[in-house]
Amino acid sequence: LNKLYYVTYHHKNKNMINESKQKNIGIGFMKMYKIFIVISCISKMQVTQEQFCSFIESKLYNEIEQLQQFDKIDYCHIGLKTEKCERKFNQKNNFCTSWLLGIRFNEQIDKQMSEKFNEKVQKIKEELVNQFVFRYIGSKIEASSQLEIFGIKYNEIKNWYNFLLRI
Numbered sequence: 314l315n316k317l318y319y320v321t322y323h324h325k326n327k328n329m330i331n332e333s334k335q336k337n338i339g340i341g342f343m344k345m346y347k348i349f350i351v352i353s354c355i356s357k358m359q360v361t362q363e364q365f366c367s368f369i370e371s372k373l374y375n376e377i378e379q380l381q382q383f384d385k386i387d388y389c390h391i392g393l394k395t396e397k398c399e400r401k402f403n404q405k406n407n408f409c410t411s412w413l414l415g416i417r418f419n420e421q422i423d424k425q426m427s428e429k430f431n432e433k434v435q436k437i438k439e440e441l442v443n444q445f446v447f448r449y450i451g452s453k454i455e456a457s458s459q460l461e462i463f464g465i466k467y468n469e470i471k472n473w474y475n476f477l478l479r480i
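The numbering of the sequence shown is the numbering used here, which starts it at 314 and goes up by one.
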């Protein structure tokens, strides 16, 4: 993971991820950030997952720009996209797309600021889901489709990444 520097958008197997790991461009993604957010789009049906997750991805970059407006964020960007679910969502019938977002704050944040940041992240989740529902109003949307956003600390990221390589 120390040598993962850019997003390759078609990670279909371990070999492609391993090839990406070997690229030696710039600073390692893990070393750039101490805080990470995983955004996972999960569905029971592949067709729904493709529709829902493609929509989420098309809107995600705009929402990240909004997140960067948070006054304590220095910068953030998506460093990995995968078609794997994190353990708690890795059920036999789930289709999943996950994005790993690295965040750098320009100063240490206190508990109050952390709560405001978490509220902002949850608002992004609500906004993405609402945009999808509004766009496809009148369409049949699978009720079990979901969008999960959760944080991972620097010391947890290696385990998350290694889990993805084992699947």
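Note that beta-carbon positions come from the ideal geometry of N, C-alpha and C, so glycine has one too.
Shown here for Trp-412: same chain residues with a beta carbon closer than 6 Å to its own, the five before and five after excluded, namely Ile-352, Ile-391, Lys-394 in chain order.
If you ignore the 5 residues before and after Gln-359, its C-beta comes within less than 7 Å of the C-beta of Phe-408, all in its own chain and listed in chain order. With a beta-carbon spacing of about 5 Å, Ile-470 and Phe-349 fall inside the 8 Å limit used to define contacts. Annotation for Glu-440: the continuous alpha helix (DSSP H) segment containing it runs 424-448. The DSSP-derived three-state label of Glu-378 is helix. The beta carbon of Lys-438 is closer than 6 Å to those of Leu-460, Ile-462 in its chain, skipping five residues each way along the sequence. Glu-396 sits in coil when the DSSP states are folded into three classes, being neither helix nor strand.
Note on geometry: alpha-carbon atoms of Ile-369 and Ser-458 lie some 12 Å from one another. Counting other Cβ atoms within 10 Å of its Cβ, Tyr-346 reaches 16 or more and is therefore classed as buried. Gln-459 carries a strand assignment under DSSP once its states are collapsed to helix, strand and coil.
For the options Thr-410, Gln-421, Asn-375, the alpha carbon positioned closest to that of Ser-356 is the one of Thr-410. With a beta-carbon spacing of about 11 Å, Leu-414 and Ile-386 fall beyond the 8 Å limit used to define contacts. The beta carbon of Tyr-388 is closer than 6 Å to those of Arg-417 in its chain, skipping five residues each way along the sequence.
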